[in-house]
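**Q** Residue numbering for the sequence shown follows our numbering, starting at 404 and increasing by one per position.
Just dropping this structure here.
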Amino acid sequence: MLKDSLQHWHQRLAHLNHKSILELEKSGAVKGLKLVGPRSSNNKCEACALSKVTARAAPKEGTRPQRAKDSICHADLAGPMQKSIHGNKYYLALKWLGYTHIFFLKHKSEAAAAFKKYIAIISRRPRELPSTLLILRSDNGGEFEGSPFQQVCDGVGIEREYSEPHAHYQNGTVERANRTISESARTLLVQSELPHNLWEYAARHAVYVRNRVISRSYPNSTPYERYHGHAPDVSHLRVFGE
Numbered sequence: 404m405l406k407d408s409l410q411h412w413h414q415r416l417a418h419l420n421h422k423s424i425l426e427l428e429k430s431g432a433v434k435g436l437k438l439v440g441p442r443s444s445n446n447k448c449e450a451c452a453l454s455k456v457t458a459r460a461a462p463k464e465g466t467r468p469q470r471a472k473d474s475i476c477h478a479d480l481a482g483p484m485q486k487s488i489h490g491n492k493y494y495l496a497l498k499w500l501g502y503t504h505i506f507f508l509k510h511k512s513e514a515a516a517a518f519k520k521y522i523a524i525i526s527r528r529p530r531e532l533p534s535t536l537l538i539l540r541s542d543n544g545g546e547f548e549g550s551p552f553q554q555v556c557d558g559v560g561i562e563r564e565y566s567e568p569h570a571h572y573q574n575g576t577v578e579r580a581n582r583t584i585s586e587s588a589r590t591l592l593v594q595s596e597l598p599h600n601l602w603e604y605a606a607r608h609a610v611y612v613r614n615r616v617i618s619r620s621y622p623n624s625t626p627y628e629r630y631h632g633h634a635p636d637v638s639h640l641r642v643f644g645e
């Protein structure tokens, strides 16, 4: 495989589709994306074919009042999975400004403590950067209810907002992100031929990459830039497992 070819970047960018890679190059939203060779390809990838499953598209939101999206943090918990090499079976994804943080948990009950760590992390953003987290949106899962989570939110003045029962699309932003993380992690493990108990590393790599690519919602800037205030450099990215 030609170094820095479209297919090579497909693997370096956690199996991002070729069209999105070309759009990312054209947007100028990242540094260090140097493509060599043809800009067209049949995009055939055995690892993608073996691991990807197409999920039914969720309906668009429209039954709830529109809130300023840059003030909302979307939370979702995925699992249980096979126990990882570190003994974790779940992960908590927290998405704000399009930027995802991921926390690995042994038990669902650790979610509140993970969110407290998250608050400490985002509080270190430079104060001159715009946007303030005001609302935490999640489903009605037990890990998000009760006093531990509420105490963390009350302590920093964050409002709670729940999606309605059986209307998961109302928190679709992070649930779609979780599907993408899980799908990308499976693909990375297939491609690298690493054991499944290393899924934690694959998921972390998938999140790292996804924070550095554009999306249909934000076609001109990456989540990394909106969160950190400057464009990311992707020249250091390597194929997972190599």
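Ideal placement from N, C-alpha and C gives every residue a C-beta, glycine not left out.
So if DSSP puts Tyr-565 in a beta bridge, which residue, or which two residues, is it bridged to?
**A** Ser-541.
**Q** Between the Cα of Leu-591 and the Cα atoms of Ala-515, Ala-634 and Ala-606, which residue gives the shortest distance?
**A** Measuring from the Cα of Leu-591, the nearest candidate turns out to be Ala-606.
**Q** May I have the straight-line CA-CA distance separating Leu-405 from Gly-440, to the nearest angstrom?
**A** Computed Cα separation, rounded: 8 Å.
**Q** Identify which residue in Lys-498, Tyr-621, Leu-438 and Thr-535 has its Cα closest to the Cα of Tyr-611.
**A** The shortest C-alpha separation from Tyr-611 is found at Lys-498.
**Q** Confirm, please, whether the CB-CB distance from Ser-620 to Gly-431 is below 8 Å.
**A** No, these two residues do not count as a Cβ contact at 8 Å.
**Q** Between which residues of its own chain and Ile-538 is the CB-CB distance below 8 Å, once the five residues before and five after are set aside?
**A** Cβ within range, chain order: Arg-470, Ser-474, Ile-475, Cys-476, Ile-561, Glu-562, Arg-563 and Glu-564.
**Q** What residue ranges within the stretch 495-531 form continuous beta strand (DSSP E) runs of no fewer than 3 residues, ordered along the chain?
**A** Those beta strand (DSSP E) runs which fall completely within the stretch 495-531 and span 3+ residues are 502-508.
**Q** The beta strand (DSSP E) with Leu-480 in it runs from where to where?
**A** It spans 475-481 - the beta strand (DSSP E) in which Leu-480 sits, taken as one unbroken run.
**Q** Straight-line CA distance for Ala-358 to Asp-542?
**A** Since the first residue shown for the chain is 404 and the last is 645, residue 358 is missing from the structure and cannot be characterised.
**Q** Please name the residue in Gln-485, Glu-645, Leu-425 and His-418 whose C-alpha comes closest to that of Leu-453.
**A** Minimum Cα distance to Leu-453 is reached at His-418.
**Q** Is the number of C-beta pairs between the stretch 612-631 and the stretch 593-602 that are closer than 8 Å three or more?
**A** Cβ pair count under 8 Å is below three, so no.
**Q** Would Arg-415 be called buried (16 or more neighbouring beta carbons within 10 Å of its own) or exposed?
**A** Arg-415 is buried by the Cβ-count criterion.
**Q** Check whether chain B comes within 8 Å of Phe-518, counting only Cβ atoms and requiring the distance to be less than that.
**A** Given the protein chain composition of this structure (a single chain), no chain B is represented.
**Q** In whole angstroms, what separates the C-alpha of Cys-451 from that of Arg-589?
**A** Cα to Cα, the separation comes out at about 9 Å.
**Q** Return the Cβ separation of Lys-429 and Asp-636 in integer angstroms, given the expectation that the two are a contact with Cβ distance under 8 Å.
**A** Contact flag wrong, Cβ pair sits at about 17 Å.
**Q** Which residue from Gly-632, Leu-427, Glu-426 and Ile-424 puts its Cα closest to that of Ser-534?
**A** Ranking Gly-632, Leu-427, Glu-426 and Ile-424 by Cα distance to Ser-534 puts Gly-632 first.
**Q** In its own chain, which residues sit with a C-beta less than 6 Å from the C-beta of Ser-638, not counting the 5 before and 5 after it?
**A** Result list for Ser-638: Gly-435, in chain order.
**Q** Excluding sequence positions up to five away, which residues of its chain have a Cβ less than 8 Å from the Cβ of Gly-644?
**A** Answer for Gly-644: Leu-591, Gln-594, Ser-595, Glu-596 and Leu-597, listed in chain order.
**Q** On the criterion of 16 or more Cβ atoms from any shown chain inside 10 Å, does Leu-480 qualify as buried, or is it exposed?
**A** Result: buried.
**Q** Please classify Thr-625: does DSSP put it in a helix, a strand, or coil?
**A** Coil.
**Q** Which residues mark the beginning and the end of the alpha helix (DSSP H) in which Ile-424 is found?
**A** Here the alpha helix (DSSP H) through Ile-424 covers 421-430.
**Q** Should Arg-615 be labelled buried (16 or more other beta-carbon atoms within 10 Å of its own) or exposed?
**A** Burial call: buried.
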